[in-house]
Every structure is written in C-alpha cells, then in structure tokens.
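Using our numbering, you'd call the opening residue of the sequence shown number -15 and step up by one each time. Before any comments, here is the structure.
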Amino acid sequence: HRSNAIAFTTLFSHLLGDVPAPIIFGLLKDTLAPACNIMGSGSFENPEECKQQHGGIRLTLAVMYSWMLISIVFFEIARRLAIQKVGMEQRVLGVDESLIFASNLVEIGGAAGSAKSHTTTTSQQQQKGLS
C-alpha cells in the first residue's frame, strides 16, 4: 500500500503542480505586464513600456512566492500530523521505540545489523534493569 501511496502522491503533485504552474504564472504575467516579453535576441520588445509595468511583474512574483510559501506550510502540517499519527499508533500498540530501532537495524544490516541490534537491545535492557 505504501508504494501505491507514494506513486499516487508523486503523480498528482506533478499533475496539479509542475505541469500547470508555469502555464498559470505565464498567463498571469502576460495579463499584468503584457509589454514585458523577451525577444529571441534576449532583449525586451518594448523596454520603456515594460519599465512602466513593473508593478505587474512584482505582483506576479508575489503570487508565485505566496504559492510556494503556502505549499511549504501545508507540507509541514502534513509532516507533523503524520509523525503524530505514527506516535499514537505506537502508543496504542504498546510498541517500544528501542525495539523498532533494533528491528530496523536488522532489516538494513542483515547479519551484521542483527548482531548490532542484539547488542543494542541487550545493553538497553541492562540499563533499564539498573535504573
């Protein structure tokens, strides 16, 4: 299920973000500052009129930066909610975080990880017994 979730997230982020964003922001710039078009030589078609439309360019940039800021805020909210949900699930199941860490070492390191996780778990159990 996790791989499907990652695939759908990637697909929809590209469909809703990467593809239409340049088109939408280009239309916004063309609407707010139509004289600020660059020719093939790299110079403006009408530099004097483009200078007068600097407010449209600034507004376009403000909208783009606001869009990015909103995206970052929502990403952080989603990240915190996911961490909170995982923590709640672990508390409900009564899972000890040290055992999760040790099992991750086993999955990552194979036999070497198994020896490390056994040592880690044993030393943590000894510390709990001493406390």
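The C-beta atom is built at its ideal place from N, Cα and C for all residues, glycine as well.
Asked, Found
"Does the count of Cβ pairs from the segment 44 to 58 and the segment 11 to 30 closer than 8 Å reach three?", "yes"
"Going along the chain, which residues of its own chain have a beta-carbon closer than 8 Å to the beta-carbon of A95, five neighbours each way excluded?", "Since pLDDT at A95 reaches only 49, below the 50 mark, its modelled position is unreliable, and no value is offered."
"The alpha helix (DSSP H) spanning Q37 covers which residue range?", "Note, Q37: premise wrong, no alpha helix (DSSP H); not H, not E."
"Beta-carbon within less than 6 Å of S50's beta-carbon, same chain only, minus the 5 sequence neighbours each way: which residues are those?", "none"
"Could you tell me the boundaries of the alpha helix (DSSP H) in which S(-3) lies?", "-14 to -3"
"Strictly by DSSP, which residues pair up with F58?", "DSSP lists no partner for F58."
"According to DSSP, which residues form a beta bridge with I22?", "F28"
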